[in-house]
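Written below as structure tokens is the structure these notes are about.
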Amino acid sequence: MELFERLDRGARAEFNFITLICLSTAIAALGLIQNSGAVVIGAMLVAPLMTPMLAAGLGIVQGNIVLFRTSLHSVAVGFLCSLIVGYVFGKVAFPLYSLTPELAARGGPNVLDLIVALLSGVAAAYAMGRPGLLEALPGVAIAAALVPPIATVGISISIGEYGNALGAAMLFGTNLIAIILASAIALYALGIRPRLDEEKSRPWARHILLILSVSVMAIAIPLWGPLAHSEMMEDGRVQKELSVYLSSQSVLVRRVFQNRKNGAQDVYVELIHQKPIPPRIYAGMRKTIRSIVGASADLKVISLKMWEPPVIRSATPPTVPVNKRPTTRRVQPTSRPTP
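Going left to right, the sequence shown walks through residues 141 to 479 as my numbering numbers them.
Written out as structure tokens, the structure is:
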């Protein structure tokens, strides 16, 4: 009963819920715009979206269609509020001209994000069902990352990055479906059952569980491809191949990252070197990158030149030992003096 009251209270789209959603989205938008992962994590702690998703799972297990509908309504309201706040921050408050790495990272979901969402749903439901484990919920909220993808959708739309917006929306949808399904399964495993008078009215709950299960399997198929071609894995391969290629030139590859803008794909490579790099080396680097990332990729080099600090010599004159006196040389006159 205590679990139901706690989730039912947190699943309502009231003033406090909307206020926290707007504040958490504003924090997330600032973190995404300034490319600060720490700020984005702070936004995850403030966001209250996890509670209505857990309430939806509880509604399925109990056969409580009122709780289920209330939870979905709150999720929809939270999504719209976050979308508007993200769009305003991207369009008016802090306009961008290209995606930051934090924004781009949320535009390419893969199957690992689905697995994280499933595990987060199980962990959140388990912690909610055990009053002594409620302190673990903030950590679960960080793992689930519900608000940053919505903020990414709004910011990406504001700067015309519709492909990234679609990917971020898909990430949020993946998290939503996986968390509701996983929380329902976890709550059922914890022993939560419907009331006797609701047992006969549960066919809709079974249908919802079937739809969620099929949706998770359907989502996993397209998400598997991006895992093999994710920017993180591509950047790692590029850095490894370039490090081998440039080892003979005494050049160190410090970092590799990508940036997409209006269909163009730039691969930035930070190099540490002391001598100038010949043009043929740049051509070989570009060829290596395109063989991994794609033919449309372009190379952008950030040079960090090594230098040795000059040796500062002492400006004090040399000292002469005390026991040694400077000797003077007597010069003999070359002509006699006139009388």
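Note that the Cβ used here is the ideal one computed from N, Cα and C, for glycine as well.
Of the residues the options, the one placed nearest residue i, counting alpha carbons only
{"i": "threonine 159", "options": "Val225, Ile173, Ala309, Gly197", "result": "Val225"}
{"i": "leucine 392", "options": "Arg377, Ile432, Ile325, Val409", "result": "Val409"}
{"i": "isoleucine 317", "options": "Tyr237, Val396, Val215", "result": "Val215"}
{"i": "glutamate 129", "options": "Ile167, Ser383, Ala263, Arg246", "result": "Within the shown structure, residues of the chain are numbered from 141 to 479, placing residue 129 beyond reach of any answer."}
{"i": "arginine 395", "options": "Val407, Ser388, Ala196, Ala178", "result": "Val407"}
{"i": "cysteine 162", "options": "Gly177, Leu223, Leu306", "result": "Leu223"}
{"i": "glutamate 142", "options": "Gly424, Ala358, Leu198", "result": "Leu198"}
{"i": "isoleucine 442", "options": "Val433, Thr428, Ile417, Ser431", "result": "Ile417"}
{"i": "isoleucine 205", "options": "Leu306, Ala345, Leu327", "result": "Ala345"}
{"i": "isoleucine 361", "options": "Ala291, Leu252, Ala322", "result": "Leu252"}
{"i": "glycine 307", "options": "Gln379, Ile429, Ile359, Ala183", "result": "Ile359"}
{"i": "alanine 324", "options": "Asp375, Ala264, Met310, Ser355", "result": "Ala264"}
{"i": "valine 280", "options": "Ala267, Ala291, Arg377, Leu207", "result": "Ala267"}
{"i": "leucine 286", "options": "Pro188, Leu330, Ala329, Tyr328", "result": "Pro188"}
{"i": "leucine 439", "options": "Met425, Ile432, Ser431", "result": "Met425"}
{"i": "threonine 292", "options": "Glu154, Ala169, Lys427, Arg152", "result": "Ala169"}
{"i": "leucine 212", "options": "Gly313, Val356, Ala437, Tyr385", "result": "Gly313"}
{"i": "asparagine 156", "options": "Lys427, Val256, Val186", "result": "Val186"}
{"i": "asparagine 315", "options": "Leu352, Thr428, Ala437", "result": "Leu352"}
{"i": "isoleucine 484", "options": "Ile282, Met310, Ile295", "result": "Outside the displayed span of the chain (141 to 479) sits residue 484, for which this structure offers no information."}
Beta-carbon proximity of residue i to residue j, cut-off 8 Å
{"i": "leucine 172", "j": "proline 249", "result": "no"}
{"i": "isoleucine 299", "j": "leucine 236", "result": "yes"}
{"i": "glutamine 405", "j": "glutamine 398", "result": "yes"}
{"i": "leucine 382", "j": "isoleucine 412", "result": "no"}
{"i": "valine 201", "j": "isoleucine 319", "result": "no"}
{"i": "tyrosine 227", "j": "isoleucine 167", "result": "no"}
{"i": "valine 244", "j": "serine 260", "result": "Strictly speaking, residue 244 in this sequence is alanine, with valine absent from that position. Taking 8 Å as the Cβ cut-off, alanine 244 and serine 260 do not qualify as a contacting pair."}
{"i": "leucine 147", "j": "alanine 195", "result": "yes"}
{"i": "leucine 254", "j": "leucine 350", "result": "no"}
{"i": "asparagine 175", "j": "proline 241", "result": "yes"}
{"i": "glycine 230", "j": "glycine 177", "result": "no"}
{"i": "glycine 153", "j": "valine 217", "result": "Here the sequence assigns alanine to residue 153, which means glycine is not the residue at that position. Contact flag set, yes."}
{"i": "alanine 322", "j": "valine 232", "result": "no"}
Residue i (DSSP reduced to helix, strand or coil)
{"i": "alanine 117", "result": "Coverage of the chain is limited to positions 141 through 479, which leaves residue 117 absent and any answer about it impossible."}
{"i": "arginine 146", "result": "helix"}
{"i": "glutamate 410", "result": "strand"}
{"i": "threonine 159", "result": "helix"}
{"i": "isoleucine 421", "result": "helix"}
{"i": "asparagine 315", "result": "helix"}
{"i": "phenylalanine 219", "result": "helix"}
{"i": "isoleucine 181", "result": "helix"}
{"i": "phenylalanine 208", "result": "helix"}
{"i": "lysine 380", "result": "helix"}
{"i": "lysine 445", "result": "strand"}
{"i": "glutamine 389", "result": "helix"}
{"i": "threonine 478", "result": "Unreliable positioning characterises threonine 478 in this predicted model, as indicated by a pLDDT of 49, which lies under 50. The coordinate reading is nonetheless provided below. Three-state result, threonine 478: coil."}
{"i": "phenylalanine 397", "result": "strand"}
{"i": "glutamine 202", "result": "helix"}
Residue i Cβ short of 7 Å to the ligand ADP heavy atom set
{"i": "proline 362", "result": "In the structure on display, the ligand ADP does not appear, and there are no ligands present to speak of."}
Presumed contact (8 Å Cβ cut-off) between residue i and residue j, rounded CB distance
{"i": "glycine 150", "j": "threonine 191", "result": "4 Å"}
{"i": "glycine 269", "j": "leucine 327", "result": "6 Å"}
{"i": "glutamine 389", "j": "isoleucine 432", "result": "At roughly 19 Å, the Cβ-Cβ gap does not stay under 8 Å, so glutamine 389 and isoleucine 432 are not in contact."}
{"i": "isoleucine 429", "j": "valine 378", "result": "6 Å"}
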